[in-house]
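Quick note on numbering: the sequence shown equals residues 1 to 179 in UniProt numbering. Glycine is no exception: its CB is placed at the ideal position from the N, C-alpha and C atoms.
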Amino acid sequence: MVLERTLLPHPGTTAAGLGNINVEVDWEGRSYVYVTFRASGFAGGVFLPAGKAPERRDELWMRTCCEVFARRRLDDYVEFNLSPSGDWAAYAFSGYRAGMRNFSVSAPDIRVIPKDDGFELTAMIPWSDWPHIEAIGLSAVIEGTDGSKTYWALTHPSDMPDFHHADSFALISPALEHP
């Protein structure tokens with residue numbers, strides 16, 4: 001099942017040239033998920049980090065980065081960071097921002113198409129637990145060419161951007177038959 005959603009800018013965002021981010025998630029109980037982030041309409045342009053050979057790298061969220069959060073059970077969740085450079089990261093948490101550790105998983109296949117006013121990032125994220133995921137959170141940090149940053153998510157449950165907040169996991173598993 002392909003699910004389409006629009007990410008919302010955090011209400012505190014005031015950057016000029018604010019655009020749109022639409023996301024498609026193909027999540028059908030397989031051992032991988034396909035996700036496509038389409039960022040467009042950013043009048044000032046988007047800073048796209050450059051990379052040589054893609055590798056696992058920390059602090060990708062400090063530049064333009066797309067993120068997929070997956071809740072396994074209760075407060076146990078995993079975070080996948082996907083950079084337009086092709087770099088990636090994966091972390092596991094035992095609770096809200098607690099017990100963070102590198103998560104051992106195969107590298108995602110990341111493809112990027114740069115555009116004048118944004119980009120399209122498609123990733124295939126392999127992981128054997130996808131069929132058992134309760135909910136997903138989708139988010140992005142967008143850095144403008146002027147250095148400004150905007151924070152995007154399915155929902156913003158707090159006054160500060162917080163993609164780890166439990167209510168940010170707003171995409172419920174189709175297998176659980178929730179809307």
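query                                                                                                                                                                   : result
State the Cα-Cα distance for the pair R97 and P114, rounded to the nearest angstrom.                                                                                    : 32 Å
Return the residue from the list T145, E143 and D116 that minimises the CA-CA distance to S40.                                                                          : D116
Assign E177 to one of three DSSP states: helix, strand, or coil.                                                                                                        : Low local confidence applies: a pLDDT of 46 at E177 is under 50, so the model's placement there is unreliable, with the coordinate-based value given in what follows. Coil.
Skipping 5 residues on each side, what residues in its chain have a beta carbon closer than 7 Å to that of S173?                                                        : I133, E134 and A135
On a Cα-Cα basis, can you pick out the residue from G29, E24 and R5 that is closest to P131?                                                                            : G29
Just mark A123 as buried or exposed, buried being the case when its beta carbon has 16 or more other beta carbons within 10 Å.                                          : buried
Which parts of the segment 7–88 are runs of the alpha helix (DSSP H), unbroken and 4 residues or longer, counting only runs that do not cross its ends?                 : none
Pull the bridge partners of Y96 from the DSSP assignment, please.                                                                                                       : According to DSSP, Y96 bridges with nothing at all.
For residue 199, which residues in the same chain have their Cβ closer than 6 Å to its Cβ, ignoring the five residues on either side in sequence?                       : Since the first residue shown for the chain is 1 and the last is 179, residue 199 is missing from the structure and cannot be characterised.
Can you list, in chain order, the residues of its chain with a C-beta nearer than 6 Å to that of P179? Leave out the 5 residues immediately preceding and following it. : Note that P179 scores a pLDDT of 39, beneath 50, so its modelled location is shaky; the value from the coordinates is reported in the next line. Counting only Cβ-Cβ distances below 6 Å, and skipping sequence neighbours, we find nothing.
Tell me F119's beta-bridge partners as DSSP assigns them.                                                                                                               : A39 and P114
In its own chain, which residues sit with a C-beta less than 6 Å from the C-beta of D80, not counting the 5 before and 5 after it?                                      : The sequence shown places Phe at residue 80, not Asp. Only V68, A90 and I125 meet the Cβ criterion.
Please name the residue, chosen from P54, I21, V78 and L154, that lies closest to S85 on a Cα-to-Cα basis.                                                              : P54
According to DSSP, is P131 part of a helix, a strand, or is it coil?                                                                                                    : helix
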